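One structure is given below, encoded as structure tokens.
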Amino acid sequence: MRIVDRRGTLVADVRWRPDGTLARAWARVPDGTWLAVEPRAACGAPWGDADRVWHWPRAADAPPLGADALPPDAVPLTLGEALDWARIARIPVLAEPARLPPGGGAAVLNLIAALAELQGTRRLVYTGPFPGEQLFLTLLESFRYEPAHAPDPLAAFAAGGLAWAPAPHEALVAADGLWVQRRGRVEKVVWRGTTYLRPDWQGVVRHAPRRVRDAGDGVRCGLWALGRSLADHLLLAPSGELVRVLDEDTPADTWQRALPRRVWTGVVAAVAAESAPPLAPFIRAVARDVTLGWGRVARDLVRVEAARVIVDDRLRAALADGVRAAARPAERAGVALAALAELAQLAGDALRARAQAAL
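Going by my numbering, the sequence shown opens with residue 280, and the numbers climb by one from there.
Here's what the structure looks like:
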């Protein structure tokens with residue numbers, strides 16, 4: 280079974296054995312490389328039989344021919360709970376999702392959603408360990424959670440109280456490294472390694488500094504912070520087709536000046552407070568020798584390096600505008616707190632990843 284986009288570009292290839300079981304499943308990721316699922320490749324995992332996920336790190340129009348073929352340069356990444364791919368009944372556990380390339384988890388889950396929908400499966404559940412925020416957000420790209428009226432869907436997911444109805448997105452592969460995901464509207468765009476997202480997903484509001492938003496002339500992708508647009512990079516039609524590139528400026532990342540240490544201390548405290556309690560001391564530890572400063576970042580608002588976090592100067596300019604527009608001290612304090620929260624969101628994922636590695 281081959282899944283192609285509206286231009287006929289292959290985005291997934293599912294190969295079956297004569298007995299109806301899966302031989303190999305391939306899914307394209309936004310950078311043009313491929314993930315392969317090798318069914319029942321291992322046993323002895325905590326959940327029993329396991330499927331193995333491979334990465335073929337070559338941008339190719341299609342994976343190799345042959346039902347069971349794996350190219351010699353394919354790299355094994357991780358194991359996942361074995362599925363009956365002909366009758367998908369659950370969302371599988373993945374041992375090391377962080378080893379997948381960017382967009383890889385969404386690509387595999389979208390393939391699962393597409394197959395489950397074709398098989399007539401109305402809902403799936405996840406019963407594995409660590410039902411955390413990252414898995415929740417990735418599931419939103421290919422499923423709809425139920426019940427839809429859950430007041431705190433992330434908490435319900437963590438408690439095992441959500442089911443997931445398959446709602447796979449349409450992927451559109453375009454030239455110049457452009458990848459577009461649609462479900463009635465453009466939801467996610469990847470361009471030259473930068474990912475732009477809608478801030479609203481089935482009523483869930485997520486932090487989206489690289490944002491997809493509707494505009495009078497189409498759909499714009501760009502940078503967003505402190506409640507305003509800071510730069511637009513792409514203009515798309517509502518269908519997802521590229522209209523034009525709005526900003527080709529890609530200066531090298533540069534460091535200009537450090538912020539006071541107390542600002543970084545506040546950012547780290549905010550990240551720790553918003554993270555799982557066991558991670559908090561590790562977040563503070565990995566941030567101890569890091570310096571926060573202003574600079575210039577290509578097509579983004581932040582760059583996290585080993586010992587520096589560079590925040591784009593456009594955010595500093597927006598902060599200065601907000602402070603000037605505030606008439607009273609309380610309003611200026613509110614702008615400063617909003618900026619601190621924005622900085623914590625921008626640096627938070629990288630700090631949590633380092634803390635997880637240390638843990």
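Where is the CB? At the ideal position from N, CA and C, for every residue including glycine.
All of these numbers come straight from a predicted model, not from anything done at the bench.
Within 8 Å, strictly: CB atoms of residue i and residue j
i, j, result
"Pro-381", "Pro-309", "yes"
"Ile-562", "Ala-551", "yes"
"Leu-594", "Leu-580", "yes"
"Thr-312", "Ala-291", "no"
"Asp-511", "Gly-501", "yes"
"Pro-318", "Asp-330", "yes"
"Leu-394", "Trp-443", "no"
"Leu-509", "Gly-601", "no"
"Ala-626", "Val-565", "no"
"Ala-374", "Leu-358", "yes"
"Asp-592", "Gln-535", "yes"
"Leu-379", "Leu-414", "no"
C-alpha distance - residue i paired with residue j, whole-angstrom precision
i, j, result
"Arg-567", "Leu-630", "11 Å"
"Val-614", "Glu-466", "29 Å"
"Ala-606", "Pro-557", "41 Å"
"Arg-281", "Trp-573", "47 Å"
"Glu-621", "Thr-473", "19 Å"
"Leu-433", "Pro-488", "21 Å"
"Val-542", "His-428", "38 Å"
"Thr-300", "Gln-398", "14 Å"
"Pro-426", "Leu-441", "7 Å"
"Ala-392", "Val-293", "13 Å"
"Asp-303", "Ala-386", "The amino acid occupying residue 303 in the given sequence is Arg; Asp does not appear at that position. Cα to Cα, the separation comes out at about 15 Å."
"Ser-554", "Leu-457", "32 Å"
"Arg-485", "Arg-464", "17 Å"
"Pro-351", "Ala-597", "50 Å"
"Glu-527", "Arg-507", "21 Å"
"Asp-532", "Arg-611", "30 Å"
"Ala-324", "Val-332", "14 Å"
"Ala-401", "Phe-422", "It should be pointed out that residue 401 corresponds to Arg in this sequence rather than to Ala. Taking the straight line from one Cα to the other gives about 11 Å."
"Trp-470", "Leu-515", "12 Å"
"Leu-403", "Ile-370", "6 Å"
"Ala-306", "Thr-288", "12 Å"
"Trp-503", "Ala-321", "44 Å"
"Glu-360", "Leu-419", "20 Å"
"Arg-575", "Asp-431", "37 Å"
"Arg-296", "Arg-366", "14 Å"
"Pro-530", "Arg-578", "9 Å"
"Val-522", "Leu-513", "8 Å"
"Ala-609", "Trp-326", "54 Å"
"Val-524", "Asp-284", "22 Å"
Beta-bridge pairing of residue i - partner residues as DSSP gives them
i, result
"Ala-304", "Val-293, Val-316"
"Tyr-424", "Trp-443"
"Pro-408", "Beta-bridge pairing links Pro-408 to no other residue."
"Gly-572", "Ala-537, Ile-589"
"Glu-360", "Ala-329"
"Val-581", "Val-590"
"His-334", "Leu-314, Val-354"
"Trp-470", "Leu-457, Thr-473"
"Ala-511", "According to the sequence as given, residue 511 is Asp; it is not Ala. BP columns for Asp-511 point to Gly-501."
"Arg-281", "Asp-292"
"Val-542", "Note: Val-542 sits in no beta bridge, so no partner."
"Val-452", "Trp-458"
"Arg-523", "Leu-514"
"Val-547", "Paired residues: none, contrary to the question."
"Val-671", "What is shown of the chain runs 280 to 638, which leaves residue 671 out entirely."
"Leu-403", "Trp-443"
"Ala-386", "Bridge partners of Ala-386: none, in fact."
"Ala-324", "Gly-327"
Which of helix, strand or coil DSSP assigns to residue i
i, result
"Gln-398", "coil"
"Val-602", "helix"
"Gly-501", "strand"
"Pro-432", "helix"
"Pro-355", "strand"
"Gln-481", "coil"
"Leu-563", "With the sequence shown as reference, residue 563 is identified as Arg, and Leu is not the correct amino acid for it. In this structure, Arg-563 counts as helix in the three-state DSSP scheme."
"Glu-553", "coil"
"Arg-378", "helix"
"Asp-532", "coil"
"Val-372", "coil"
"Gly-613", "helix"
"Asp-493", "strand"
"Ala-437", "helix"
Cβ distance (whole Å) where residue i is taken to contact residue j below 8 Å
i, j, result
"Pro-478", "Val-498", "Actually they do not touch by this definition, with Cβ atoms about 13 Å apart."
"Leu-314", "Gly-383", "5 Å"
"Tyr-475", "Val-491", "5 Å"
"Tyr-424", "Gln-460", "Rounded, the Cβ-Cβ distance is 18 Å, inconsistent with contact."
"Val-546", "Ala-623", "5 Å"
"His-334", "Val-316", "That belief does not hold up - the Cβ atoms of His-334 and Val-316 are roughly 11 Å apart, past 8 Å."
"Thr-250", "Leu-388", "Nothing about residue 250 can be read from this structure; the chain reaches only from 280 to 638."
"Ala-446", "Arg-462", "6 Å"
Near the ligand SAM: residue i beta-carbon under 7 Å from a heavy atom
i, result
"Pro-351", "In terms of ligand content, the structure shown is empty, and the ligand SAM therefore cannot be addressed."
Residue i at chain B interface by Cβ criterion, 8 Å
i, result
"Gly-482", "In the structure shown, chain B cannot be found, because there is only a single protein chain."
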